[in-house]
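First comes the structure, then the notes that go with it.
Protein chains: 2
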Amino acid sequence: MKLKTTDAYPSRIYSEPKLIERQDPVMYAKNEEQHILSQEELSFYERNGYLFFDSLFNEEEVRELSNESKRIWTLSGEENTPEVIREPGSNEVRSVFEIHRSNEVMKKLSENNQLLERVSLILGSQAYVHQSRINFKKGFTGKEFYWHSDFETWHVEDGMPRMRALSCSIALEDNYSFNGPLMVIPGSHRQFLSCVGEAPDDHYKSSLRKQEYGVPDQASLTRMVDEGGISAPTGKAGSVLFFDCNLMHGSNGNITPYSRNNVFIVYNSVHNKLQSPYSGKQPRPDYIAARS
Amino acid sequence: MKLKTTDAYPSRIYSEPKLIERQDPVMYAKNEEQHILSQEELSFYERNGYLFFDSLFNEEEVRELSNESKRIWTLSGEENTPEVIREPGSNEVRSVFEIHRSNEVMKKLSENNQLLERVSLILGSQAYVHQSRINFKKGFTGKEFYWHSDFETWHVEDGMPRMRALSCSIALEDNYSFNGPLMVIPGSHRQFLSCVGEAPDDHYKSSLRKQEYGVPDQASLTRMVDEGGISAPTGKAGSVLFFDCNLMHGSNGNITPYSRNNVFIVYNSVHNKLQSPYSGKQPRPDYIAARS
Numbered sequence: 332m333k334l335k336t337t338d339a340y341p342s343r344i345y346s347e348p349k350l351i352e353r354q355d356p357v358m359y360a361k362n363e364e365q366h367i368l369s370q371e372e373l374s375f376y377e378r379n380g381y382l383f384f385d386s387l388f389n390e391e392e393v394r395e396l397s398n399e400s401k402r403i404w405t406l407s408g409e410e411n412t413p414e415v416i417r418e419p420g421s422n423e424v425r426s427v428f429e430i431h432r433s434n435e436v437m438k439k440l441s442e443n444n445q446l447l448e449r450v451s452l453i454l455g456s457q458a459y460v461h462q463s464r465i466n467f468k469k470g471f472t473g474k475e476f477y478w479h480s481d482f483e484t485w486h487v488e489d490g491m492p493r494m495r496a497l498s499c500s501i502a503l504e505d506n507y508s509f510n511g512p513l514m515v516i517p518g519s520h521r522q523f524l525s526c527v528g529e530a531p532d533d534h535y536k537s538s539l540r541k542q543e544y545g546v547p548d549q550a551s552l553t554r555m556v557d558e559g560g561i562s563a564p565t566g567k568a569g570s571v572l573f574f575d576c577n578l579m580h581g582s583n584g585n586i587t588p589y590s591r592n593n594v595f596i597v598y599n600s601v602h603n604k605l606q607s608p609y610s611g612k613q614p615r616p617d618y619i620a621a622r623s
Numbered sequence: 332m333k334l335k336t337t338d339a340y341p342s343r344i345y346s347e348p349k350l351i352e353r354q355d356p357v358m359y360a361k362n363e364e365q366h367i368l369s370q371e372e373l374s375f376y377e378r379n380g381y382l383f384f385d386s387l388f389n390e391e392e393v394r395e396l397s398n399e400s401k402r403i404w405t406l407s408g409e410e411n412t413p414e415v416i417r418e419p420g421s422n423e424v425r426s427v428f429e430i431h432r433s434n435e436v437m438k439k440l441s442e443n444n445q446l447l448e449r450v451s452l453i454l455g456s457q458a459y460v461h462q463s464r465i466n467f468k469k470g471f472t473g474k475e476f477y478w479h480s481d482f483e484t485w486h487v488e489d490g491m492p493r494m495r496a497l498s499c500s501i502a503l504e505d506n507y508s509f510n511g512p513l514m515v516i517p518g519s520h521r522q523f524l525s526c527v528g529e530a531p532d533d534h535y536k537s538s539l540r541k542q543e544y545g546v547p548d549q550a551s552l553t554r555m556v557d558e559g560g561i562s563a564p565t566g567k568a569g570s571v572l573f574f575d576c577n578l579m580h581g582s583n584g585n586i587t588p589y590s591r592n593n594v595f596i597v598y599n600s601v602h603n604k605l606q607s608p609y610s611g612k613q614p615r616p617d618y619i620a621a622r623s
């Protein structure tokens, strides 16, 4: 056990789960200014930890993203690079990482002003891409993503010091309530759930397929849902969910014929750059958590 | 391959999936009479293959059912009888069969007039309980039920000759869109999907945990959903879904804390009693398909 004295959010070191009050602001935007987000939107995000926009991209932009993601899917099926993560128990592609570097269309997306203006407003600073990926949840066979706070992993395994990051999930197809949409627990971002169990070296090699450490316990999840409920915002292709790095989220599997593919882009404040991981272990590779 | 010449719905005998027109009525109710179901409800059922009622039972009845199901769950955990089916890959109870015989509360439920009057109206005859069970889909870990037509199995493995049966699914808790509710493909009951692959002897011992034969192919499912869409009726505890024996249905897994437990009671017309299975194999035991 290597506990930094400056660790604001210790996790995977106690024998019991613990809830720790968030020690960072959720919303860095100043109230008195005119913004791309309304006051209602800003306070909704602060209170609930997310914001959903049904059509931030037009049809043509969505078509380009969707076609490009299909191309990436096809190419990735044959590639054996570490950026390509496969489903547990099958060879099917589950995620492709670092697409904002390897792909021009996705690079352009990561620099899109519709995203960047909102992100830098919420984070109160310039931001950079901490991680990008496409998640492919295929029809019929798409597997669940169990509940987790991204920050817990980014903090412990990547050395992200504070909560000053957020994710954008961009839907590449129409999302329905029944094809395994992203579910969030509103308000859960205001507490940090310190999880039980120390992760082994190179945990990421298996955890991107199926998480086994840093997994929230059922009692804490139940309490969070009792307080905040569950929200599963669904909308058309091109809809975008912005959500706080510490918001508890997950998704069910998908036996419907409708695949559910999303681009995830994670932005981190330039004032929150990665340090050495709080686990004391080697940091995960750059394609999962940008250090350069 | 033992193909009866009188088999109206051959399945698991061809090398390709086949869609066969339904050769039986969906609705046996006479239009000119006054019924417990309205004309709109009757024609909705005929067209879509299901009917949903949000509150067929009052709070007290629901509480009694819910408490009794919890008692059955606890007792079943320790029992090693064939009526108790466990989750694939764990020892958790997934279903308990033949509850209308083993349990007084469930017996009373199976004889409830709110159910029986609707059932005998739709089937146009007296009906008897072909099968009963509780399905336990626990919070956090509840697994999916893949798409299937019940009739396909009941025909091939149990010898149910024609489509003149239906199921009642009674919700024991409030159902949400996100805790793995039953999904149906409206209109799919009007065609019989002849599935590929011959089931081995004693298939039911594994199929009740995870189906491997009589599984609809993805192309046919996609066509059905393209035509009819997907409906996932959700409502309060005590809500009831009536659905045709040949309606394609399934449900996703459930990572939410909300468990989703349902009582299933299957009624078959007294004019449609079981014969020897169309597979030519031994019939499944009486607790899965009543013969007596």
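As given, the protein sequences belong to chains A and B, one line each in that order. When you line the first sequence up against the working numbering, it's residues 332 to 623, in that order. When you line the second sequence up against the working numbering, it's residues 332 to 623, in that order. By construction, the Cβ of each residue, glycine as well, lies at the ideal position given by its N, Cα and C atoms. Here the structure is a predicted model, which means the values were calculated and not measured.
Does any residue of chain A have a CB that is nearer than 8 Å to the CB of residue i?
i: B/Ala563; result: yes
i: B/Asn583; result: yes
i: B/Pro341; result: no
i: B/Thr553; result: yes
i: B/Gln549; result: yes
i: B/Met491; result: no
i: B/Val527; result: no
i: B/Phe509; result: yes
i: B/Met514; result: yes
i: B/Trp485; result: no
i: B/Val556; result: yes
Over the uninterrupted alpha helix (DSSP H) stretch that includes residue i, give me the two end residues.
i: B/Phe375; result: Gln370 to Asn379
i: A/Gly408; result: Glu390 to Glu409
i: B/Ser433; result: Ile430 to Ser433
i: A/Arg554; result: Gln549 to Gly559
i: A/Asn444; result: Asn444 to Leu454
Just to confirm the assignment, what range does the beta strand (DSSP E) spanning residue i have?
i: A/Leu350; result: Lys349 to Glu352
i: A/Met514; result: Leu513 to Val515
i: A/His580; result: His580 to Ser582
i: B/Asp481; result: Unbroken run through B/Asp481 is the alpha helix (DSSP H), Asp481 to Asp489; no beta strand (DSSP E).
i: B/Asn593; result: Arg591 to Ser600
Taking all protein chains shown into account, do 16 or more other C-beta atoms lie within 10 angstroms of the C-beta of residue i, making it buried, or fewer, making it exposed?
i: A/Pro419; result: exposed
i: B/Gly380; result: buried
i: B/Leu350; result: exposed
i: B/Gly473; result: buried
i: B/Val408; result: Before going further, note that residue 408 of chain B is Gly rather than Val in the sequence given. Exposed, because fewer than 16 other Cβ atoms sit within 10 Å of the Cβ of B/Gly408.
i: B/Lys361; result: exposed
i: B/Asn593; result: buried
i: A/Ser607; result: exposed
i: A/Glu352; result: exposed
i: B/Val515; result: buried
i: B/Met332; result: Because B/Met332 carries a pLDDT of 46, less than 50, the predicted location of this residue cannot be relied on, and the following value inherits that uncertainty. By the 10 Å Cβ count, B/Met332 comes out exposed.
i: B/Asp385; result: exposed
i: B/Ile367; result: exposed
If we define contact as Cβ-Cβ less than 8 Å, is residue i a contact residue for chain B?
i: A/Pro517; result: no
i: A/Thr587; result: yes
i: A/Glu475; result: yes
i: A/Phe383; result: no
i: A/Phe471; result: yes
i: A/Met579; result: no
i: A/Trp404; result: no
i: A/Gly559; result: no
i: A/Val546; result: no
i: A/Val601; result: no
What does DSSP give as the partner residues of residue i in its beta bridges?
i: A/Gln522; result: A/Glu352
i: A/Gly473; result: A/Asn585
i: A/Tyr618; result: The partner list for A/Tyr618 (beta bridge, DSSP) is empty, contrary to what the question assumes.
i: B/Val415; result: B/Val427
i: B/Phe573; result: B/Leu382 and B/Cys499
i: A/Lys468; result: A/Arg591
i: B/Ser562; result: B/Val515
i: B/Tyr459; result: B/Asn599
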